[in-house]
Amino acid sequence: MEIKTVTVIGANGTMGCNISGIFASFGNAKVYMACRSLEKAEKAVSRAAKSVRAEAIAENLVPVTFDDLPQCVAESDLIFESVSENFETKQGIIDRIRDHVRPDAILATGTSGLSIDKLAEMYPEALRPRFIGMHFFNPPYMMTLCEIIESEYTDKEMSAFLAEYSKKKLVRTVVNVADTAAFLGNRIGFQFINEACQYAEMYKDNGGIDYIDAILGQFTGRNMPPIATADFVGLDVHKAIVDNVYANTKDYARSTFILPEYMQKLIDEGKLGRKVKQGLYKTVVDENGKKIQYVYDIDSGEYREKIRYSFPFAKKMIDYLHQGDYRQAFDSLKHNHSIEAEICLSFLIKYVLYSITAVKLSSDDIHAADAAMATGFGWVPPLAVVDALGGKTEFMKLAQQRLSSELLARIKLKDTLKDLPDGSHYDFRSYFKGKQ
513 MEIKTVTVIG
523 ANGTMGCNIS
533 GIFASFGNAK
543 VYMACRSLEK
553 AEKAVSRAAK
563 SVRAEAIAEN
573 LVPVTFDDLP
583 QCVAESDLIF
593 ESVSENFETK
603 QGIIDRIRDH
613 VRPDAILATG
623 TSGLSIDKLA
633 EMYPEALRPR
643 FIGMHFFNPP
653 YMMTLCEIIE
663 SEYTDKEMSA
673 FLAEYSKKKL
683 VRTVVNVADT
693 AAFLGNRIGF
703 QFINEACQYA
713 EMYKDNGGID
723 YIDAILGQFT
733 GRNMPPIATA
743 DFVGLDVHKA
753 IVDNVYANTK
763 DYARSTFILP
773 EYMQKLIDEG
783 KLGRKVKQGL
793 YKTVVDENGK
803 KIQYVYDIDS
813 GEYREKIRYS
823 FPFAKKMIDY
833 LHQGDYRQAF
843 DSLKHNHSIE
853 AEICLSFLIK
863 YVLYSITAVK
873 LSSDDIHAAD
883 AAMATGFGWV
893 PPLAVVDALG
903 GKTEFMKLAQ
913 QRLSSELLAR
923 IKLKDTLKDL
933 PDGSHYDFRS
943 YFKGKQ
């Protein structure tokens with residue numbers, strides 16, 4: 513089988529647009545970019561070409577409307593649905609295309625967390641084996657992760673073909689995961705992000721949002737601090753993911769998926785983050801044309817100028833990281849007992865433990881969590897954090913010392929860590945940056 517023609521439904525959305533560019537460039541496929549209006553589709557074509565920095569692929573991108581779907585779908589080897597994250601909207605699309613899908617075509621959804629089994633059951637029985645989850649991460653030009661999620665009906669040969677196509681042709685890092693809430697990457701990533709948002713509320717008298725982001729900055733293994741990441745993703749998208757996990761899981765960290773009240777307030781006010789120019793953060797241009805970053809103050813409900821915090825533990829870590837002395841950097845963190853250092857270290861420990869919990873539910877390969885976080889989020893992989901903190905024995909000792917007895921009992925630490933491999937396939941040194 514070859515994938516020469518693709519229809520992307522919902523191609524004007526961020527993901528649909530960017531994925532169209534990936535199929536057209538890396539996949540060298542003809543891509544029908546289907547939107548509700550031709551104007552939206554034409555704009556999406558231009559954006560898709562720019563998203564992969566290859567204007568030449570525009571000739572592979574064809575703007576169409578939903579009225580054209582019968583013809584486009586009938587011609588396509590792969591149909592990729594990327595419409596809004598609710599079952600009702602997706603059912604409407606399925607009803608439009610179900611009678612036009614070729615028996616040998618692949619039906620993929622880009623959902624970031626809706627049940628693949630439930631979506632499969634919206635199709636006629638004959639098409640269910642051709643249906644699969646294909647979850648990409650934004651921006652896909654930089655984030656190469658592709659989670660492949662089978663339903664109970666998915667044809668295994670088709671799934672294997674799609675995984676190989678994604679690896680070889682689309683140049684993706686493929687991770688096969690089970691149909692669990694938010695799959696793997698988002699479950700781990702948004703647990704960390706949402707707990708950071710909860711801590712901002714807990715420590716609002718210390719500064720709140722920018723205070724916690726400063727504690728968990730680039731020197732802790734991620735290009736963007738966690739709460740700023742929620743702002744980048746969009747608070748509405750963040751809410752959809754954490755609400756879904758909270759409603760559909762029962763693990764020890766379930767309460768960390770409860771959306772903080774201040775975030776719901778911002779959502780209700782339409783302050784959804786960077787895409788609408790205000791959310792948890794916003795940028796204001798003063799009368800001299802200078803850009804000033806503001807942050808939402810949880811206590812007052814107003815915006816204030818972002819503070820440039822200077823924590824001694826962070827300064828010391830950053831200095832050692834600049835020198836390439838990683839052991840001293842992490843020793844300095846472990847031996848600093850300021851409240852900020854304690855928060856930082858506890859987040860790193862909990863990140864590892866929840867990653868291991870989530871990957872055991874989603875995959876047979878414990879290294880899958882490392883691949884998901886490195887190539888889907890650009891974060892230091894969890895097993896690489898264990899390496900950075902001194903290895904398995906030292907990590908277990910740190911967890912026992914730094915986490916509460918109540919949390920340790922819920923985690924079942926020894927059971928969680930008993931199958932821990934000797935090291936990560938990734939080098940932690942490339943993720944911990946000497947930057948705030």
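Residue numbers (this note's numbering): 513 to 948. The beta-carbon is built from N, C-alpha and C at its ideal position, and this holds for glycine as well. Values in this document were obtained by computation on a predicted structure and should not be read as measured data.
Looking only at DSSP bridge pairs, what is residue i linked to?
{"i": "Gln805", "result": "Thr795"}
{"i": "Glu814", "result": "Asp809"}
{"i": "Pro575", "result": "Met545"}
{"i": "Cys658", "result": "Phe648, Val686"}
{"i": "Gly719", "result": "None, per the DSSP bridge assignment."}
{"i": "Val518", "result": "Val543, Leu590"}
{"i": "Gly785", "result": "Gln790"}
{"i": "Phe643", "result": "Leu619"}
Would you mind working out which of the options sits nearest residue i, comparing C-alpha positions?
{"i": "Thr795", "options": "Lys818, Ala523, Gly782, Lys947", "result": "Lys818"}
{"i": "Gly539", "options": "Leu784, Thr761, Ile515, Asn530", "result": "Ile515"}
{"i": "Gly533", "options": "Ala560, Tyr806, Lys862", "result": "Ala560"}
{"i": "Leu778", "options": "Ile753, Thr768, Ile810", "result": "Ile810"}
{"i": "Lys783", "options": "Ala752, Gln805, Asp743", "result": "Asp743"}
{"i": "Glu773", "options": "Gly733, Leu747, Leu857", "result": "Leu747"}
{"i": "Val898", "options": "Arg922, His647, Leu873, Ser867", "result": "Ser867"}
{"i": "Met969", "options": "Phe673, Asp939, Pro894", "result": "Outside the displayed range of the chain (513 to 948) lies residue 969, so it cannot be described from this structure."}
{"i": "Asn698", "options": "Asp607, Arg642, Ala881", "result": "Ala881"}
{"i": "Ala841", "options": "Gly946, Gly525, Asp780, Gly791", "result": "Gly946"}
{"i": "Val788", "options": "Arg922, Val745, Asn848", "result": "Val745"}
{"i": "Leu550", "options": "Gly528, Asn524, Asn650, Ile531", "result": "Asn524"}
{"i": "Met655", "options": "Arg684, Asn800, Asn848", "result": "Arg684"}
{"i": "Val576", "options": "Pro894, Lys828, Thr519, Lys930", "result": "Thr519"}
{"i": "Phe535", "options": "Lys552, Arg608, Val557", "result": "Val557"}
{"i": "Gly888", "options": "Lys802, Glu659, Leu581, Lys681", "result": "Glu659"}
{"i": "Leu682", "options": "Met646, Asp876, Ile661", "result": "Met646"}
{"i": "Asn650", "options": "Ser663, Leu873, Gly622, Pro641", "result": "Gly622"}
{"i": "Phe940", "options": "Phe704, Gln710, Trp891, Ile923", "result": "Trp891"}
{"i": "Asn706", "options": "Lys803, Gln776, Ile606", "result": "Gln776"}
{"i": "Ala553", "options": "Asp616, Pro641, Phe578", "result": "Phe578"}
{"i": "Glu637", "options": "Cys529, Ile661, Arg610", "result": "Arg610"}
{"i": "Phe599", "options": "Thr928, Gly701, Lys630", "result": "Lys630"}
{"i": "Asn848", "options": "Asn800, Gln703, Met736, Met829", "result": "Met829"}
{"i": "Ser537", "options": "Lys555, Thr517, Ile521", "result": "Thr517"}
{"i": "Ile628", "options": "Tyr715, Met634, Ser663", "result": "Ser663"}
{"i": "Gln603", "options": "Arg614, Ile521, Leu657", "result": "Ile521"}
{"i": "Phe944", "options": "Leu728, Ile700, Gly785, Lys846", "result": "Leu728"}
Taking residue i and residue j to be in contact with their CB atoms under 8 Å, please state how far apart those CB atoms are, rounded to whole angstroms.
{"i": "Pro738", "j": "Ala708", "result": "4 Å"}
{"i": "Val807", "j": "Tyr793", "result": "5 Å"}
{"i": "Gln912", "j": "Leu920", "result": "7 Å"}
{"i": "Ile770", "j": "Ser624", "result": "Not confirmed; about 19 Å, so no contact."}
{"i": "Asp763", "j": "Thr869", "result": "6 Å"}
{"i": "Tyr938", "j": "Ala896", "result": "5 Å"}
{"i": "Leu619", "j": "Leu639", "result": "6 Å"}
{"i": "Phe825", "j": "Ser844", "result": "7 Å"}
{"i": "Val687", "j": "Ala886", "result": "In fact, because the Cβ distance is near 11 Å, the residues do not count as touching under 8 Å."}
{"i": "Ala632", "j": "Tyr653", "result": "In fact, because the Cβ distance is near 29 Å, the residues do not count as touching under 8 Å."}
{"i": "Phe643", "j": "Met527", "result": "About 18 Å separates the two Cβ atoms, so there is no contact after all."}
{"i": "Leu581", "j": "Arg608", "result": "5 Å"}
- Task: Count the C-beta pairs between the segment 680–694 and the segment 754–761 that are closer than 8 Å, then say yes if the count reaches three, no if not.
- Result: Output reads yes: the segment 754–761 touches the segment 680–694.
- Task: Would you list, in sequence order, the uninterrupted alpha helix (DSSP H) runs of no fewer than 4 residues that lie entirely inside the segment 586–625?
- Result: 599–609, all fully within the segment 586–625.
- Message: I want to know whether the segment 581–589 touches the segment 543–556 - three or more CB-CB distances under 8 Å.
- Response: By the Cβ criterion, the segment 581–589 is in contact with the segment 543–556, since at least three pairs of Cβ atoms, one from each stretch, lie closer than 8 Å.
- Taking one C-beta from the segment 658–670 and one from the segment 847–865 each time, how about it: are there three or more such pairs within less than 8 Å? Proximity of the segment 658–670 to the segment 847–865 falls short of the contact definition, fewer than three beta-carbon pairs being nearer than 8 Å.
- Task: Please determine if the segment 903–910 and the segment 720–728 are in contact, where contact requires at least 3 C-beta pairs separated by less than 8 Å.
- Result: No contact exists between the segment 903–910 and the segment 720–728.
- Message: Would you call the segment 857–865 in contact with the segment 674–688, where contact means no fewer than 3 C-beta pairs closer than 8 Å?
- Response: Because the criterion of three Cβ pairs below 8 Å is not met, the segment 857–865 and the segment 674–688 do not touch.
- Item | Contact between the segment 588–604 and the segment 566–577 (3+ Cβ pairs under 8 Å) | Too few Cβ pairs lie closer than 8 Å, so no.
- Runs of beta strand (DSSP E) lying entirely within the segment 820–899, each at least 3 residues, in chain order: Complete beta strand (DSSP E) runs here, min 3: none at all.
- Message: Which complete beta strand (DSSP E) runs does the segment 915–942 hold, if anything under 3 residues is left out?
- Response: Taking 3 residues as the minimum length, the segment 915–942 contains no beta strand (DSSP E) run wholly inside it.
- Could I get the ranges of all uninterrupted alpha helix (DSSP H) runs contained in the segment 724–758, with 4 residues as the minimum, in chain order? Counting whole runs of 4 or more residues, the segment 724–758 contains the alpha helix (DSSP H) stretches 738–745.
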